[in-house]
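Visitor: Take this structure first; my questions come after.
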Amino acid sequence: MKKTVLTPLLVLLITGCGGGDGEQEESPIAPPTETHYFEVSSLSSQGGQLTPTRLRLGEGEQGRFLVQADSGYVLTGITGCDGSLDGLTYTTGPMRGDCQIS
Numbered sequence: 052m053k054k055t056v057l058t059p060l061l062v063l064l065i066t067g068c069g070g071g072d073g074e075q076e077e078s079p080i081a082p083p084t085e086t087h088y089f090e091v092s093s094l095s096s097q098g099g100q101l102t103p104t105r106l107r108l109g110e111g112e113q114g115r116f117l118v119q120a121d122s123g124y125v126l127t128g129i130t131g132c133d134g135s136l137d138g139l140t141y142t143t144g145p146m147r148g149d150c151q152i153s
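For the sequence shown, our numbering begins at 52 and goes up steadily by one.
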């Protein structure tokens with residue numbers, strides 16, 4: 052009697068573990084995308100420094116450079132990489148290719 056009760060119960064347990072009702076679709080797994088990296092270099096002129104001298108940034112990332120004027124010099128401007136100056140920090144625009152600030 053025990054064999055006949057356990058066998059149908061075991062069959063129900065095995066078939067009940069299917070993991071779903073078949074109506075849910077699995078999402079396809081996308082392969083990882085390749086990140087493109089670009090180099091930003093800085094060219095300091097007489098009377099000041101930009102640090103760091105180089106940055107390696109991923110596509111769309113922005114970099115920051117610190118500006119330091121030597122004694123007796125005044126910062127007149129910085130250009131390059133579609134950036135903007137805020138105080139003594141120059142922030143590049145989102146990276147789309149190699150570029151240089153000076």
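Every residue, glycine too, gets a C-beta built ideally from N, C-alpha and C.
Can you tell me the Cα-Cα spacing of Pro-145 and Glu-110, whole angstroms?
Guide: Near 7 Å, if we compare the C-alpha coordinates of Glu-110 and Pro-145.
Visitor: Take Leu-136 and list the residues in its own chain whose beta-carbon comes closer than 6 Å to its own, dropping the five residues that flank it on each side.
Guide: For Leu-136, where only same-chain residues beyond five positions count, the Cβ hits under 6 Å are Ile-129.
Visitor: Out of Glu-112, Leu-94 and Ser-96, which has the shortest C-alpha to C-alpha gap to His-87?
Guide: Of the candidates Glu-112, Leu-94 and Ser-96, the one whose C-alpha sits nearest the C-alpha of His-87 is Glu-112.
Visitor: Per DSSP, Ser-135 forms a beta bridge with which residues?
Guide: According to DSSP, Ser-135 bridges with Thr-142.
Visitor: Do Val-118 and Tyr-141 have their C-beta atoms within less than 8 Å of each other?
Guide: Against a cut-off of 8 Å, the Cβ pair of Tyr-141 and Val-118 comes out as a contact.
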